[in-house]
Amino acid sequence: MTEAEYRPFELFQYDMPDLKADTVVPKIGFCTEAVRFPAIYEGDMPWMSACPSEINSMREDIAAAHGKVLTLGLGLGYYPYAVSELPGVESVTVVELSGEVIDLFREYLLPQYPNKEKIRIIHADAHEYMRTVRDGQYDFCFADIWESQIDGAEHCKRLFPVEKRLPHTEFRYWVRDAIDWFLEGE
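Quick note on numbering: our numbering labels position 48 of the sequence shown as 140, and the sequence is numbered without any gaps.
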């Protein structure tokens, strides 16, 4: 794991735009001082990070979490951390495909979490794991196993039938509005 940085006055997207508006305006901002945040790179490109847009784009999905939470995708663990802090969350089960990401998380991040006892990590493919989930096993599911609305659309198409099979689980998807917008254009 390394750090990424926004330099002073470097423009960056801090949140998702309202794609339902008549005019879509990007939410762009800057900081007057350098801001560093944890990131994992794949080559020269950030693959996972805890940058402002990631954090802001999960705000509503964090607030909605309750009961036994299932999270598809670990990333750098911001979502499991944030929902484990909620009094209405009993447990957080995270399904992650990358053993390297799990090892990194367990060694460096999880020990710092105040409610780490609520978090359980399963090393598995999210789609394969979802075949084993029973209705009522989880109260809430947050899916974030994609980088953007483009690759996310294909994952969502595979998860939508699972959602119908599990009517007692509330499903949320990272950047769902952007994925729906992309799917409308197909």
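Just so you know, even glycine gets a beta-carbon here, dropped at the ideal spot from N, CA and C.
Nearest-angstrom Cα separation, counted from residue j out to residue i
i	j	result
Leu189	Ile213	10 Å
Tyr200	Pro130	11 Å
Met222	Pro100	43 Å
Pro206	Ile154	17 Å
Thr115	Ser145	20 Å
Val184	Ala235	13 Å
Thr83	Met137	Residue 83 lies beyond the range of the chain shown here (93 to 278); nothing can be said about it.
Pro253	Thr124	46 Å
Enclosing beta strand (DSSP E) for residue i [first to last residue]
i	result
Phe101	Where Phe101 is concerned, there is no enclosing beta strand (DSSP E), given that its DSSP letter is neither H nor E.
Trp266	That residue, Trp266, is in no beta strand (DSSP E); it is neither H nor E in DSSP.
Pro138	137–141
His215	211–215
Lys208	No beta strand (DSSP E) holds Lys208; DSSP gives it neither H nor E.
Residue i burial status per 10 Å Cβ neighbour count (16 or more: buried)
i	result
Glu192	exposed
Met150	buried
Ile120	exposed
Glu220	exposed
Ala126	exposed
Beta-bridge partners of residue i, as assigned by DSSP
i	result
Val127	Tyr98
Phe234	Thr163, Arg264
Ser183	Lys160
Same chain only: Cβ atoms within 6 Å of residue i, ignoring 5 sequence neighbours per side
i	result
Phe263	Cys233, Glu255
Bounding residues of the alpha helix (DSSP H) (the contiguous stretch that carries residue i)
i	result
Glu192	191–196
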